[in-house]
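Chemist: The structure that follows is given in the form of structure tokens.
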Amino acid sequence: MVNQGKGRALRVLDDAFVPDERKAEVRKRLARLKGQVEGVERMLADNRPCVEILTQISAAQEALRGAGKVVVRNYLERCATAGIKAGREQDVYDEMMDVIFKLTR
Numbered sequence: 875m876v877n878q879g880k881g882r883a884l885r886v887l888d889d890a891f892v893p894d895e896r897k898a899e900v901r902k903r904l905a906r907l908k909g910q911v912e913g914v915e916r917m918l919a920d921n922r923p924c925v926e927i928l929t930q931i932s933a934a935q936e937a938l939r940g941a942g943k944v945v946v947r948n949y950l951e952r953c954a955t956a957g958i959k960a961g962r963e964q965d966v967y968d969e970m971m972d973v974i975f976k977l978t979r
């Protein structure tokens, strides 16, 4: 059993792992996240109520989760599928388990 979760990525594709259209979607979500984090900083500086700050933090967390969902989808469609087709099922399953545990802690 190969442990892919210790800094070694499962390399099964020779081309770009994340297509440009998905990169654009992730970048859009990250730009929104950046604005939300800056909003939290402004709210703190302006001494806004805790509930307003927590609402903004929640929105930022959701933006980051959304970016993660796009990358996980890409991983399943491209990387994991290619690994399975290449006969590396166990490596893919091990790596996917690592990803699931990272995303759910």
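So the number in this note's numbering is just where the residue sits in the sequence shown, counting from 1, plus 874.
Beta carbons: idealized from backbone N, C-alpha and C, even for Gly.
For clarity, every value in this text was computed on a predicted model and none was experimentally measured.
#1: The alpha helix (DSSP H) with A954 in it runs from where to where?
#2: In whole angstroms, give me the CA-to-CA distance for F891 and A956.
#3: Taking the alpha helix (DSSP H) that N948 falls in, what are its first and last residues?
#4: Mapping DSSP to helix, strand and coil, what is A905?
#5: According to DSSP, simplified to helix, strand and coil, what is F975?
Modeler: On the basis of the supplied data:
#1: Note, A954: premise wrong, no alpha helix (DSSP H); not H, not E.
#2: Whole-angstrom Cα-Cα distance: 11 Å.
#3: C924 to N948
#4: Looking at A905 - three-state DSSP - the assignment turns out to be helix.
#5: helix
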